[in-house]
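Number of protein chains: 2
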Amino acid sequence: MTTRDSTRNRILATALSLFNDEGIAKTSVNRIAADLGISSGNLYYHFKTKEQIAEWLVRRFQERIEAITTTGSKVVALDDLWLVLHLALEAIQQYRFIYRDVDFLARASPRIAHRLQQITLRGIAGTERICSELAKADVIRASNEDVADLAVQMVLTATCWYTFARVWPAGNADADPAGRAAYHVLTLLTPYLKGDARLYMSYLRSKYLK
Amino acid sequence: MTTRDSTRNRILATALSLFNDEGIAKTSVNRIAADLGISSGNLYYHFKTKEQIAEWLVRRFQERIEAITTTGSKVVALDDLWLVLHLALEAIQQYRFIYRDVDFLARASPRIAHRLQQITLRGIAGTERICSELAKADVIRASNEDVADLAVQMVLTATCWYTFARVWPAGNADADPAGRAAYHVLTLLTPYLKGDARLYMSYLRSKYLK
DNA sequence: GTCTATATGCGGATAGAC
DNA sequence: GTCTATCCGCATATAGAC
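Chains as they are written, first to last, in the numbering used here: chain A, 1 to 210; chain B, 1 to 210.
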């Protein structure tokens, strides 16, 4: 690993942290450099613009999300969905600036906008696949149409959760935010659940709603 | 009406339009003044800061939303919910900068953050009331717990819809965006619907999904 | 109420030395 | 690769004339 790679990564790490904590709009390139202890001239050597930094972070997020949603393991129980959801929501939380500042990002660069749309479409497709496997495994009872609607709703909830939590006081204070978020996404399945899957949901409810 | 009020209102109108079109972060006070054809000095006479402009817009939004959700008319059919939803989503669309830049706004001022939380809580409470009336009227079959979850999901979807549509290609291109959004919120009720309410949903589906 | 003029500072970005 | 120095432009905000 060359020194150059290392600095690049440290820039990305510091930027991610600042973007998450202060918001992209309020984070200046100078600030990133200062926090990292390097000169802004040096930073500009590695990234020509702030948008370029953001784009690389989005790219990393995409890789991570797609690694999660394309694991081809079989889905036969609610727990399998729970795991995937949890991993995805952890990633979303670690890169939470993305969905908090979606509008800013999409405006800043058409390439980022396109990448975000890709992520959404693949997320919905992956979720749809998982749900229809759950239907096949008799965990839920749902038509193809139901499953399609469900997948959209689940992805919407997952991606918007941390933003929504900001305006819903009951939604944030929590030791395990990703778990709480995953619970809320799973709640969408409630009316479709069959048999013991209902019991599992009750267990999750008791765990996440005090 | 004095001249002062008129200018104030024109500032708010221009600011709203620019916030919606360009985003708050990218809209400078100078730009608002320029678009309006007044000097920035004049604008500062009316509003000390950009946040103050935003706060007044949020206040107006709140008044409008609360006027919608506190209309005490009886809810006996899906159509009653449809109307309320449509009005709320039209308001959300007209003030769409609010939920697009929620994070920015909440950071900019604790008072705005608090106001947004108020709006959310009252929105959820109002939605819950409507849903339980629908249950009483036998339009849907849902427990109190179901209704509580449902209300949160509906408000989340309604408030985040226009943001989500930005990353979901299938969600935006539409002649009647508020109608489309309302349809998606109503979809959450699908599994709970009884009897002819199902037919009504089918009708909406055919109308909004081509 | 409204304007012009201006102070002040910060963020983005580059040049050139080491 | 990294630093220092620096330029440019824009945004916020104020002072004072009309």
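C-beta atoms are modelled at their ideal positions from N, C-alpha and C, and glycine is treated no differently.
Cβ neighbour criterion (16 or more within 10 Å) applied to residue i
{"i": "Y95 of chain A", "result": "buried"}
{"i": "L16 of chain A", "result": "buried"}
{"i": "N9 of chain B", "result": "exposed"}
{"i": "V76 of chain B", "result": "exposed"}
{"i": "T71 of chain A", "result": "exposed"}
{"i": "V153 of chain B", "result": "For clarity, residue 153 of chain B is Gln in the given sequence; the question names Val instead. Buried."}
{"i": "P191 of chain A", "result": "buried"}
{"i": "L209 of chain B", "result": "exposed"}
{"i": "F19 of chain A", "result": "buried"}
{"i": "T2 of chain A", "result": "Confidence in T2 of chain A is poor, its pLDDT being 49 and thus under 50, which makes the residue's placement unreliable; the coordinate value appears in the next sentence. So T2 of chain A ends up on the exposed side."}
{"i": "G23 of chain B", "result": "buried"}
{"i": "R100 of chain B", "result": "buried"}
{"i": "A170 of chain A", "result": "exposed"}
{"i": "R4 of chain B", "result": "Unreliable positioning characterises R4 of chain B in this predicted model, as indicated by a pLDDT of 49, which lies under 50. A coordinate reading is not provided."}
{"i": "D146 of chain A", "result": "buried"}
{"i": "I124 of chain B", "result": "buried"}
{"i": "A158 of chain B", "result": "buried"}
{"i": "Y45 of chain B", "result": "exposed"}
{"i": "G126 of chain A", "result": "buried"}
Residue i, enclosing alpha helix (DSSP H) - first and last residue
{"i": "T120 of chain A", "result": "110 to 136"}
{"i": "W211 of chain A", "result": "Examination of residue 211 of chain A is not possible in this model, given that chain A is present from 1 through 210 alone."}
{"i": "Y14 of chain B", "result": "Reading off the sequence shown, one finds Thr at residue 14 of chain B, where the question assumed Tyr. Note, T14 of chain B: alpha helix (DSSP H), 3 to 22."}
{"i": "K50 of chain A", "result": "50 to 69"}
{"i": "D211 of chain B", "result": "In this structure chain B extends from 1 to 210, so residue 211 of chain B is not present and cannot be described."}
{"i": "G72 of chain B", "result": "That residue, G72 of chain B, is in no alpha helix (DSSP H); it is neither H nor E in DSSP."}
{"i": "F97 of chain A", "result": "97 to 100"}
{"i": "G179 of chain B", "result": "177 to 187"}
{"i": "G41 of chain A", "result": "40 to 46"}
For residue i, the residue or residues it bridges with in DSSP
{"i": "I140 of chain A", "result": "A:L193"}
Minimum C-alpha distance to residue i - residue among the options
{"i": "V84 of chain A", "options": "A:I92, A:K50, A:T69", "result": "A:T69"}
{"i": "I11 of chain A", "options": "A:K26, A:A33, A:A25", "result": "A:A33"}
{"i": "L186 of chain A", "options": "A:A175, A:S202, A:N172", "result": "A:S202"}
{"i": "V58 of chain A", "options": "A:K74, A:Q93, A:G41, A:S28", "result": "A:Q93"}
{"i": "H114 of chain A", "options": "B:T163, B:V167, B:Q62", "result": "B:V167"}
{"i": "S28 of chain A", "options": "A:N20, A:I38, A:K50, A:H46", "result": "A:K50"}
{"i": "K194 of chain A", "options": "A:P169, A:V155, A:E145, A:V139", "result": "A:V139"}
{"i": "R64 of chain B", "options": "B:A106, B:E90, B:T159, B:Y99", "result": "B:E90"}
{"i": "N144 of chain B", "options": "B:L189, B:D79, B:C131", "result": "B:C131"}
{"i": "L121 of chain B", "options": "B:A148, B:D35, B:W161, B:L36", "result": "B:A148"}
{"i": "S109 of chain B", "options": "B:W161, B:I53, B:T127, B:H46", "result": "B:I53"}
{"i": "A197 of chain A", "options": "A:A181, A:A25, A:W82, A:D35", "result": "A:W82"}
{"i": "A137 of chain B", "options": "B:D79, B:T7, B:F61, B:L156", "result": "B:D79"}
{"i": "D103 of chain A", "options": "B:A106, B:N30, B:F97", "result": "B:F97"}
{"i": "H184 of chain A", "options": "A:R141, A:G123, A:E133, A:H86", "result": "A:H86"}
{"i": "F61 of chain B", "options": "B:T163, B:I119, B:N42", "result": "B:I119"}
{"i": "L105 of chain B", "options": "A:K26, A:T14, A:Y200", "result": "A:K26"}
{"i": "A181 of chain A", "options": "A:A135, A:A142, A:A88, A:T127", "result": "A:A88"}
{"i": "L150 of chain A", "options": "A:S206, A:R129, A:Y162, A:A173", "result": "A:R129"}
{"i": "W56 of chain B", "options": "B:T14, B:V155, B:G37, B:T163", "result": "B:T14"}
*Residues, ordered as in the chain, of the segment 164 to 184 of chain B that lie near chain A by beta-carbon distance below 9 Å*: F164, R166, V167, W168, P169, A170, G171, H184
*With 7 Å as the limit, tell me which residues of the segment 90 to 111 of chain A have their beta carbon closer than that to any beta carbon of chain B; keep them in chain order.*
R100, D101, V102, D103, F104, A106, R107
*Quick one: which residues of the segment 111 to 144 of chain A get their C-beta closer than 8 Å to a C-beta of chain B? List them in chain order.*
A113, L116, Q117, I119, T120, L121, I124
*asked:* What are the residues in the segment 192 to 205 of chain A lying within 7 Å of chain B by C-beta distance?
replied: Y192
*Contact residues within the segment 16 to 49 of chain B, judged by C-beta distance below 9 Å to chain A*: E22, G23, I24, A25, K26
*asked:* So if I threshold CB-CB distances at 8 Å, which residues from the segment 66 to 83 of chain A count as touching chain B?
replied: none
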